[in-house]
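Here is the structure we will look at, set down as structure tokens.
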Amino acid sequence: MTLTVIAGSANEPLATSVAHELGIAACPRTIHRFADGEIHVAIDQSVRGHDVYLIQPTSSPVDEHLIELLFLADACRRAGAARLTAVVPYFGYARQDRRASGREAVGARVVTSLLESAEISRVIAVDLHAPEIEGFSRIPIEHLTAIRLLAEAVRPEPDSVLVAPDLGAIKLAERYQACLHLPVVVLHKRRITGKDVALRTIIGEVANYKPIVVDDMITTGGTIEAAVKGLLDAGCQPSVTVLATHALFVGPAVERLKSLPIRQLVCSNSVMSDSLPGHLQVVNVALMLADAIGRLHRDQSLDSLISHF
Numbered sequence: 013m014t015l016t017v018i019a020g021s022a023n024e025p026l027a028t029s030v031a032h033e034l035g036i037a038a039c040p041r042t043i044h045r046f047a048d049g050e051i052h053v054a055i056d057q058s059v060r061g062h063d064v065y066l067i068q069p070t071s072s073p074v075d076e077h078l079i080e081l082l083f084l085a086d087a088c089r090r091a092g093a094a095r096l097t098a099v100v101p102y103f104g105y106a107r108q109d110r111r112a113s114g115r116e117a118v119g120a121r122v123v124t125s126l127l128e129s130a131e132i133s134r135v136i137a138v139d140l141h142a143p144e145i146e147g148f149s150r151i152p153i154e155h156l157t158a159i160r161l162l163a164e165a166v167r168p169e170p171d172s173v174l175v176a177p178d179l180g181a182i183k184l185a186e187r188y189q190a191c192l193h194l195p196v197v198v199l200h201k202r203r204i205t206g207k208d209v210a211l212r213t214i215i216g217e218v219a220n221y222k223p224i225v226v227d228d229m230i231t232t233g234g235t236i237e238a239a240v241k242g243l244l245d246a247g248c249q250p251s252v253t254v255l256a257t258h259a260l261f262v263g264p265a266v267e268r269l270k271s272l273p274i275r276q277l278v279c280s281n282s283v284m285s286d287s288l289p290g291h292l293q294v295v296n297v298a299l300m301l302a303d304a305i306g307r308l309h310r311d312q313s314l315d316s317l318i319s320h321f
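For our numbering, count along the sequence shown from 1 and bump the result up by 12.
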């Protein structure tokens, strides 16, 4: 079966880099929008009988990129692709994995149903916000992690401490701990609005330590801002490192990060963003994704790449 990579428009540089690592060129495709906003997708060469990998993070604008992914999948199926895998480095709607207040949609479940309806046979994702998504998805999800790559980008000093900025990041911090061998501190936050967060308590000792704050994503920067300000109030050293897989950077994120004493900010290139902080250090996940794609194509194990939360 011929290996074929097709890039969506959400992160073409990453897709091109993945194809390069695999020693192939990305399959040409046409994506454009009509005057009324409808999207039109076409595959520009034969994929009949191919093992096709669609690379498309569902980042902002989330709905547009999701629909584009579904259309690319449909076009490939109608063109006779033998096997279809969606490579979704950032999985949008992952935070909507349950009902928090009653009469609301479980967005993550809706998205997995849409991927199934498009006859996608497998999904590759990186550092899901809610790994539990795999439990209600009828499509196998290969959950990769960039934690090792991000951890390798920092050289922690002896007086460093890992910080989980909220209770949901405890397991993530423990994964970093396995790589960096540092103590872990946990913050308890309260979300006020979609953009604003308040810190409640700090569990652990941070006075005179250099904090390394870890999270799976940075969206508006509210969680990081509340964490850093709370750590400074608690007496930590004003030399902060922030590690996050997905650099969404929407709304006030960049300005918030600029105002904080962050000496090192490390994220992956899982998504593209219109505005980036000048001190951002980007870790390339193309080789990891290419390795996963190559292994799946050859029907080999992904155990060393999988996130075992």
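Note that CB positions come from ideal geometry on N, CA and C, so glycine has one too.
**Request:** Just grab the DSSP bridge partners of Tyr221 for me.
**Result:** DSSP, once it has assigned bridges, lists no residue as partnering Tyr221.
**Prompt:** If Tyr105 and Ser71 are in contact, beta carbons under 8 Å, what's the gap, nearest whole angstrom?
**Reply:** No, Tyr105 and Ser71 are not in contact; Cβ-Cβ is about 11 Å, not under 8 Å.
**Item:** Spatial neighbours of Val175 in its chain, beta-carbon cut-off 6 Å, leaving aside the 5 residues before and after
**Value:** Val197, Pro223 and Val225
**Asked** According to the neighbour-count rule (16 or more other Cβ atoms, all chains shown, within 10 Å of its Cβ), is Arg187 buried or exposed?
**Response** buried
**Request:** Starting from Ala91, follow the beta strand (DSSP E) in both directions and report where the run begins and ends.
**Result:** From DSSP, Ala91 is part of no beta strand (DSSP E); its letter is neither H nor E.
**Asked** Would you call the segment 123 to 138 and the segment 178 to 185 touching, i.e. three or more CB-CB distances under 8 Å?
**Response** no
**Item:** Buried versus exposed call for Met229 [16 or more other C-beta atoms within 10 Å across all chains shown]
**Value:** buried
**Asked** Considering only C-alpha positions, which residue in the set Gln189, Ala94 and Ala22 is nearest to Leu78?
**Response** Ala22
**Residue closest to Gln293, alpha-carbon to alpha-carbon, out of Thr42, Arg41 and Ala259** = Ala259
**Prompt:** Count the other CB atoms within 10 Å of the CB of Val266; is the residue buried (16 or more) or exposed (fewer)?
**Reply:** buried
**Prompt:** Which one of Leu277, Arg268, Ser287 and Thr232 has the shortest CA to CA distance from Val295?
**Reply:** Leu277
**Message:** Using only the alpha-carbon positions, how far apart do Gln57 and Pro40 sit?
**Reply:** 7 Å
**Request:** Put Leu81 into one of helix, strand or coil per three-state DSSP.
**Result:** helix
**Item:** Inter-residue spacing [alpha-carbon to alpha-carbon] between Ala27 and Ala238
**Value:** 34 Å
**Collapsed DSSP secondary structure at Leu269 in the structure displayed** = helix
**Item:** Identity of the residue in Pro143, Ala85, His155 and His32 nearest Leu126 by Cα
**Value:** Ala85
**Extent of the continuous beta strand (DSSP E) run through Arg307** = Not the beta strand (DSSP E): Arg307 falls in the alpha helix (DSSP H), residues Ala298 to His309.
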